[in-house]
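Number of protein chains: 2
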Amino acid sequence: MAFRYPNGKRFIPSGTKPSKSLTGTSPQFGNRGMTLEEDLNETNEYYLQTGQAVIHKKPTPVQIVGVDYPKRSAATITEAYFKQPSTTDYNGVYSGKYIDFEAKETRNKTSFPFGNVHEHQVKHMERVVNQGGIAFLIFRFSPTQEVYLYDASHFIYWFREQKERKSIPKNDIEEKGHLVPQGLSPRLDYLQIIDRVYF
Amino acid sequence: MAFRYPNGKRFIPSGTKPSKSLTGTSPQFGNRGMTLEEDLNETNEYYLQTGQAVIHKKPTPVQIVGVDYPKRSAATITEAYFKQPSTTDYNGVYSGKYIDFEAKETRNKTSFPFGNVHEHQVKHMERVVNQGGIAFLIFRFSPTQEVYLYDASHFIYWFREQKERKSIPKNDIEEKGHLVPQGLSPRLDYLQIIDRVYF
Chain A
1 MAFRYPNGKR FIPSGTKPSK SLTGTSPQFG NRGMTLEEDL NETNEYYLQT GQAVIHKKPT
61 PVQIVGVDYP KRSAATITEA YFKQPSTTDY NGVYSGKYID FEAKETRNKT SFPFGNVHEH
121 QVKHMERVVN QGGIAFLIFR FSPTQEVYLY DASHFIYWFR EQKERKSIPK NDIEEKGHLV
181 PQGLSPRLDY LQIIDRVYF
Chain B
1 MAFRYPNGKR FIPSGTKPSK SLTGTSPQFG NRGMTLEEDL NETNEYYLQT GQAVIHKKPT
61 PVQIVGVDYP KRSAATITEA YFKQPSTTDY NGVYSGKYID FEAKETRNKT SFPFGNVHEH
121 QVKHMERVVN QGGIAFLIFR FSPTQEVYLY DASHFIYWFR EQKERKSIPK NDIEEKGHLV
181 PQGLSPRLDY LQIIDRVYF
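Listed below in structure tokens is the structure:
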């Protein structure tokens, strides 16, 4: 059975060779076809273990409709549906400040389509910004494996003021965003950028 | 089918008369058998709408094992299991600061059993405190309907240093905690307490 993540991405069991299009043209990053989510989870786990930050991905919200309670087994959910998240996927704390972000990947080379970021997520970003929280997006361009941290205020501008465009030109992300250092551990050292840009 | 929430609590569909033991002896709070979770969700929604804070309950984490993709219907999760949360249930931002809390209810009159707060949730609280975040617990004593905000540092002390006790004496919660004002809207105005105590 081919599983898909709630975002539609195909689940690739370990041991399977990843498709070429995911490995990109930059083998030095050691990415080897890991999804952006996996790299971020690894990074967040590193920050947790080293006591640098407490940032987690929120669980996928599901609408539970049916549950079985077998006598000698764990409760089994037998019917449930994926709900649209009303917030962004990642949040936590760093140096007392609230951190909030959404992570997206694209195969596009010249722009970032914002089609898969939804109204309530943008509304959430606006609310977080209003409350003085640190909000941004992490964008990965699969062809080059480049990862950028892009402040939410810029994204909100494009989403609200330039809706007809449907995407953000890459050079705006290059100019206003920040390239995230990649490595073995942590894989995507975005905290380094937060430290430099927001503190 | 009688559903239970992942915490074991029975799901009571709207329109069903709540059991007497849940209404407590303080009808002036207008509680009418609503769970602590429902009251907090209502309160958080109020804070969201009035632009006062952005605080949400995290979705229940589930381990998804099987999904159906019917042609003209929404994807249906056909097999999943409840996972133990690795963090507390509620978090968000208020005035730029990270807010994090767990909410628990007890029918006990003289103490608060901490049996249903788990090791990784306490570890999470410790990590949040280490990062300068605001962390606390919201306790409700069902018999009197009193709701207290109790800083996580006190809870951590009892959990770590007084493990044999298995519960926190109510007068410690009265002394070191803060009674949360209750009303119609917001139902449990804990933000008032945060403002006074942490800012």
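Protein chains in written order, with UniProt numbering: chain A, 1 to 199; chain B, 1 to 199.
Glycine included, every Cβ here is placed at the ideal spot set by N, Cα and C.
Exercise. State yes or no: is the beta carbon of K58 (chain B) nearer than 9 angstroms to at least one beta carbon in chain A?
Key: Position 58 of the second sequence, counted from the first residue, corresponds to residue 58 (chain B). Cβ-Cβ to chain A under 9 angstroms: yes for K58 (chain B).
Quiz prompt | Nearest candidate by alpha-carbon position, reference H56 (chain B), set B:T50, B:Y69, B:D195, B:F101 | solution = The residue labelled residue 56 (chain B) in the question sits at position 56 within the second sequence. H56 (chain B) has its Cα closest to that of B:F101, out of B:T50, B:Y69, B:D195, B:F101.
Exercise. Starting from S153 (chain B), find everything on chain A with Cβ-Cβ shorter than 9 angstroms and list it in chain order.
Key: As a first step, residue 153 (chain B) must be located in the second sequence, where it is residue number 153. What S153 (chain B) touches in chain A: nothing, since even the nearest Cβ is about 15 angstroms away.
Practice problem: Can you check DSSP and say which residues form a bridge with I55 (chain B)? | Solution: In the second sequence, counting from the first residue as 1, residue 55 (chain B) sits at position 55. Beta-bridge pairing links I55 (chain B) to B:G92.
Quiz prompt | Minimum Cβ-Cβ distance from S111 (chain B) to chain A less than 9 angstroms | solution = Within the second sequence, numbered from 1, the residue matching residue 111 (chain B) stands at position 111. Answer no: the Cβ-Cβ gap between S111 (chain B) and chain A never drops below 9 angstroms.
Quiz item: Which one of B:Y69, B:V54, B:I64, B:S73 has the shortest CA to CA distance from Y81 (chain B)?
Solution: Against the second sequence, residue 81 (chain B) aligns to sequence position 81. Distance check between Y81 (chain B) and each of B:Y69, B:V54, B:I64, B:S73 places B:I64 closest, using alpha-carbon atoms only.
Practice problem: Compare the C-beta of I193 (chain A) against all C-beta atoms of chain B and say whether one is closer than 9 angstroms. | Solution: Here residue 193 (chain A) refers to the residue found at position 193 of the first sequence. Interface with chain B (9 angstroms Cβ-Cβ cutoff): I193 (chain A) is excluded.
Quiz prompt | CB-CB length for G96 (chain A) against G132 (chain B), believed under 8 angstroms | solution = Residue numbering aside, residue 96 (chain A) sits at position 96 when the first sequence is read from its first letter. Residue numbering aside, residue 132 (chain B) sits at position 132 when the second sequence is read from its first letter. About 3 angstroms separates the beta carbons of G96 (chain A) and G132 (chain B), which is inside the 8 angstroms limit, making them a contact pair.
Quiz item: Quick one, which of B:L191, B:F199, B:N116, B:H120 has its alpha-carbon nearest E45 (chain B)'s?
Solution: Sequence index remark: in the second sequence, residue 45 (chain B) carries index 45 (1-based). For the residues B:L191, B:F199, B:N116, B:H120, the minimum Cα distance to E45 (chain B) belongs to B:L191.
Quiz item: Is T25 (chain B) close to chain A, meaning its C-beta is less than 9 angstroms from at least one C-beta of that chain?
Solution: Within the second sequence, numbered from 1, the residue matching residue 25 (chain B) stands at position 25. Model confidence at T25 (chain B) stands at a pLDDT of 39, short of 50, so the residue's coordinates are unreliable; what they give is reported in the following sentence. Among the CB atoms of chain A, none fall inside 9 angstroms of the CB of T25 (chain B).
Quiz item: Helix or strand or just coil, what does DSSP make of Y190 (chain A)?
Solution: One-based indexing of the first sequence puts residue 190 (chain A) at position 190. Correct three-state label for Y190 (chain A): helix.
Quiz item: Residues of chain A with CB under 7 angstroms from A53 (chain B), in chain order?
Solution: The residue labelled residue 53 (chain B) in the question sits at position 53 within the second sequence. In chain order: Q131.
Quiz item: Helix, strand or coil for T23 (chain A) per DSSP?
Solution: In the first sequence, counting from the first residue as 1, residue 23 (chain A) sits at position 23. The predicted position of T23 (chain A) is uncertain, since its pLDDT is 37 and thus under 50; a value taken from the coordinates is nonetheless stated next. In the three-state scheme derived from DSSP, where H, G and I count as helix and E and B as strand, T23 (chain A) is classed as helix.
Quiz item: What residue from A:N41, A:E175, A:T60 has the CA that sits closest to A53 (chain A)'s CA?
Solution: Here residue 53 (chain A) refers to the residue found at position 53 of the first sequence. It is A:N41 whose Cα lies nearest to the Cα of A53 (chain A).
Self-check item: Against chain B: residues of the region 147-180 of chain A by CB proximity under 7 angstroms
Solution: Listed in sequence order: no entries.
Exercise. Give the residues from the region 119-144 of chain A that approach chain B closer than 8 angstroms (Cβ to any Cβ), ordered along the chain.
Key: Only H124, R127, V128, N130, Q131, G132, G133 from the region 119-144 of chain A bring a Cβ to less than 8 angstroms from some Cβ of chain B.
Practice problem: Reducing DSSP to helix, strand and coil, say where S86 (chain B) ends up. | Solution: Mapped onto the second sequence, residue 86 (chain B) falls at position 86. Correct three-state label for S86 (chain B): coil.
Quiz item: For V128 (chain B), which of helix, strand or coil comes out of DSSP?
Solution: Numbered from its first residue, the second sequence carries residue 128 (chain B) at position 128. In the three-state scheme derived from DSSP, where H, G and I count as helix and E and B as strand, V128 (chain B) is classed as helix.
Quiz item: In whole angstroms, what is the alpha-carbon distance linking P181 (chain A) and R107 (chain B)?
Solution: Here residue 181 (chain A) corresponds to residue number 181 of the first sequence, with the count starting at 1. Here residue 107 (chain B) corresponds to residue number 107 of the second sequence, with the count starting at 1. Distance between the alpha carbons of P181 (chain A) and R107 (chain B) is about 52 angstroms.
Quiz item: the region 62-80 of chain A: which residues have C-beta closer than 8 angstroms to a C-beta of chain B, in chain order?
Solution: Taking 8 angstroms as the Cβ-Cβ cut-off, the region 62-80 of chain A approaches chain B at V62, I64, G66, V67, Y69, A74, A75, T76, I77, T78, E79, A80, given in chain order.
Practice problem: Going by DSSP, name the residue or residues bridged to H120 (chain B). | Solution: Within the second sequence, the letter at position 120 stands for residue 120 (chain B). Beta-bridge pairing links H120 (chain B) to no other residue.
Exercise. Drop a sphere of 10 angstroms on the beta-carbon of G24 (chain B), count the other beta-carbons inside from all chains shown, and report buried for 16 or more, exposed for fewer.
Key: Translated into the one-based positions of the second sequence, residue 24 (chain B) becomes position 24. Caution is warranted here: a pLDDT of 38 is assigned to G24 (chain B), below 50, making its placement in the model unreliable, and no coordinate value can be reported.
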